[in-house]
Amino acid sequence: MESQRKVLAGRVTSTKMQKTVVVQVEIKRAHPLYRKIVRKVKNFLAHDEEEQCKEGDMVRIRESRPLSRRKRWTVIEIVK
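In our numbering, the protein residues as written are -8 to 71.
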């Protein structure tokens, strides 16, 4: 049985590196005290073996083993 790995969805913001894309993930959650919805945006470097992603694509990424110093995610699929 494969271990559960985190899966996130986000938008591709940069494809300037070889086999690597920058994915911007937006996380919305309620503030613990004030209950207002707070938006947090974080960038992840993800491995794109076939270099199919283009800027603006919505993609799903999965946690993986470290592939480089900052790259620990892999593109699973292009949503749209």
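The C-beta atom is built at its ideal place from N, Cα and C for all residues, glycine as well.
In this text, all values refer to a predicted model and were calculated from it rather than measured experimentally.
Bridge partners for residue i per DSSP, in chain order?
i: Val29; result: Arg20
i: Lys(-1); result: Checking the sequence, you will find Leu at residue -1 rather than Lys. Its beta-bridge partners are Ile52.
Looking at residue i: is its Cβ nearer than 7 Å to the Cβ of residue j?
i: Val16; j: Gly1; result: yes
i: Arg53; j: Ile69; result: no
i: Leu36; j: Arg56; result: no
Answer with yes or no whether the minimum CB distance from residue i to chain B is below 7 Å.
i: Gln43; result: No chain B is present in this structure, which holds just one protein chain.
Taking the alpha-carbon of residue i as reference, which of the options has the nearest alpha-carbon?
i: Val32; options: Arg60, Val3 and Cys44; result: Val3
i: Ser59; options: Lys(-3), Gln9, Gln(-5) and Ser5; result: Gln9
i: Lys71; options: Arg20, Asp48 and Trp64; result: Asp48
i: Asn34; options: Gln(-5), Arg(-4) and Thr6; result: Thr6
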